[in-house]
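Q: The following block contains the structure, expressed as structure tokens.
Numbering (this note's numbering), first residue to last: 198 to 631.
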């Protein structure tokens with residue numbers, strides 16, 4: 198098979214980049230290919246290089262490793278894995294705290310709501326800037342995007358650079374596992390057909406993989422009995438009202454609804470950023486860093502690291518395209534273009550995916566049920582306004598996105614909040630400073 202160049206932009210990431218390096222050792226078709234590791238942080242880049250050389254050597258797989266702090270090394274890449282951010286922890290905390298300072302209650306502040314808008318203004322501009330350069334160096338590359346906010350970043354890349362792009366997110370897999378837990382079934386017994394927008398997608402069908410039975414009757418029975426009152430109360434509430442189960446899990450779907458302040462949900466304090474980011478998120482990152490250190494420390498640690506495979510599908514997609522073999526994926530984030538007929542064409546939706554020699558394709562799921570469709574339609578419009586605001590440096594479009602955001606009830610507060618976002622994150626928002 199011809200040599201292939203794969204570039205990891207943001208290779209210093211302890212999460213997506215590290216597991217992508219490891220997962221690529223399972224793609225034997227890449228023997229003799231080139232892996233470009235790119236990051237602006239030289240120290241983290243050196244660690245990524247050390248990990249890559251060790252795991253490929255341990256896997257007895259020839260791979261040329263190239264490191265670079267500039268994008269020139271990406272030239273002629275066939276695949277680009279994108280996972281980037283700047284000062285993630287500090288900016289995330291500001292995205293959460295500033296809205297609350299202005300009387301706007303919200304949850305998590307990462308992908309949806311006013312915090313998600315602030316995050317997107319930075320991430321979309323950063324990723325579109327990077328991808329403009331990638332488009333000049335590797336115009337035929339497929340960008341596998343892991344950068345959040347997923348839908349907004351992916352839409353910005355598609356709309357403004359012309360690169361082929363697919364957004365990848367493991368939350369549907371985790372959401373399916375949570376659903377299986379609520380149903381009292383092993384995760385491998387549960388299959389879902391997904392439709393919606395990232396972190397706010399819905400199980401349009403739930404099937405037992407062993408019997409083919411529809412599992413929705415069992416779900417509705419479990420919802421009536423509710424023997425797990427503390428288990429994702431918002432998800433259960435929405436499933437009862439809408440008839441279909443949201444797959445994002447409470448901390449994520451709560452970002453997109455405006456009634457999370459209800460005390461019986463208890464979500465604001467539970468997912469306050471200093472609790473969640475310094476608890477669950479930091480624990481995950483610490484665990485990932487510990488696994489990298491273990492993989493570098495001994496041959497036994499390297500073998501344990503290599504024996505694992507993440508739920509992230511980047512390596513599976515690359516193998517399927519190289520081999521021109523069809524591959525079905527539970528979820529991909531792609532331009533709608535008719536996949537969901539009652540959402541706008543120009544938005545990024547989360548639907549089942551099919552991979553072949555021509556790339557990654559979203560599969561048509563038809564219409565969403567009425568209420569999920571209405572909720573997702575609003576988010577699709579916020580996507581468009583936010584991406585345009587981020588690329589153009591247009592505060593008016595940012596305010597328009599906040600005007601229709603369900604988490605915002607007071608426009609004066611929203612304008613003051615946006616002004617503070619733009620000031621606090623001034624160094625990350627050059628497009629607003631001209």
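Think of the CB as a built atom: it goes at the ideal place given N, C-alpha and C, for glycine as much as any other residue.
Computed from a prediction, not measured in an experiment: that's the story for all the values here.
So, helix, strand or coil for residue 344, using DSSP?
A: In this structure, residue 344 counts as coil in the three-state DSSP scheme.
Q: Taking the CB atoms as reference points, tell me whether residue 275 and residue 338 lie closer together than 8 angstroms.
A: Yes.
Q: Give me the Cβ distance between residue 465 and residue 397, rounded to the nearest whole Å; I'm assuming they're in contact under 8 angstroms.
A: No, residue 465 and residue 397 are not in contact; Cβ-Cβ is about 18 angstroms, not under 8 angstroms.
Q: Which one of 393, 615 and 412 has the shortest CA to CA distance from residue 570?
A: When only C-alpha atoms are compared, the closest one is 393.
Q: Can you find the residues in the same chain that come closer than 7 angstroms, C-beta to C-beta, to residue 315, ignoring five residues on each side of it along the sequence?
A: Within the same chain, residue 315 has close Cβ partners 292, 618 and 622.
Q: Taking the alpha helix (DSSP H) that residue 405 belongs to, which residues open and close that run?
A: Careful: residue 405 lies outside any alpha helix (DSSP H), inside the beta strand (DSSP E) at 397–405.
Q: For the alpha helix (DSSP H) that contains residue 206, what are its first and last residues?
A: Not the alpha helix (DSSP H): residue 206 falls in the beta strand (DSSP E), residues 202–206.
Q: Suppose you measure from the CA of residue 324 to the CA of residue 424; what does that come to, to the nearest Å?
A: Going from the Cα of residue 324 to the Cα of residue 424 covers about 44 angstroms.
Q: Rounded to whole angstroms, what's the CA-CA distance from residue 582 to residue 612? Just pull it up for me.
A: If I take the Cα positions, the gap works out to 16 angstroms.
Q: Which runs of the alpha helix (DSSP H) spanning at least 4 residues fall entirely within the region 284–319, listed in chain order?
A: 285–298, all fully within the region 284–319.
Q: Would you mind sorting residue 502 into buried or exposed? The rule is 16 or more other CB atoms within 10 Å of its CB.
A: Residue 502 comes out buried.
Q: With distance defined between alpha-carbon atoms, name the residue in 422, 486, 529 and 363 nearest to residue 277.
A: Checked all of 422, 486, 529 and 363; the closest Cα to residue 277 is 363.
Q: Can you name, in chain order, every residue of its own chain whose Cβ lies under 6 angstroms from the Cβ of residue 347, other than the five neighbours on each side?
A: Correct list, in chain order: 364, 366, 395 and 530.
Q: Taking the continuous beta strand (DSSP E) assigned at residue 393, which residues delimit it?
A: Where residue 393 is concerned, the enclosing beta strand (DSSP E) stretches over 387–394.
Q: Helix, strand or coil for residue 230 per DSSP?
A: Correct three-state label for residue 230: strand.
Q: Cβ of residue 224 within 8 angstroms of Cβ of residue 202?
A: Their beta carbons are not under 8 angstroms apart, which means residue 224 does not touch residue 202 by this criterion.
Q: So, is residue 606 buried or exposed, given that buried needs 16 or more other C-beta atoms within 10 angstroms?
A: With fewer than 16 Cβ atoms within 10 Å of its Cβ, residue 606 is classed as exposed.
Q: Please name the residue in 321, 437, 384 and 526 whose C-alpha comes closest to that of residue 556.
A: For the residues 321, 437, 384 and 526, the minimum Cα distance to residue 556 belongs to 526.
Q: With distances taken between CB atoms, is the gap from residue 216 to residue 509 smaller than 8 angstroms?
A: Going by C-beta atoms, residue 216 is nearer than 8 angstroms to residue 509.
Q: Is the beta carbon of residue 377 sitting closer than 8 angstroms to the one on residue 390?
A: No, Cβ-Cβ distance for residue 377 and residue 390 is not below 8 angstroms.
Q: Identify which residue in 496, 321, 265 and 547 has its Cα closest to the Cα of residue 589.
A: With distances taken between Cα atoms, residue 589 lies closest to 321.
Q: Can you list, in chain order, the stretches of the beta strand (DSSP E) that have 3 or more residues and sit fully within the region 233–270?
A: Counting only runs of 3 or more, we get 260–265.
Q: Counting only beta-carbon separations shorter than 8 angstroms, does residue 554 have a partner in chain C?
A: The structure shown contains no chain C; it holds only a single protein chain.
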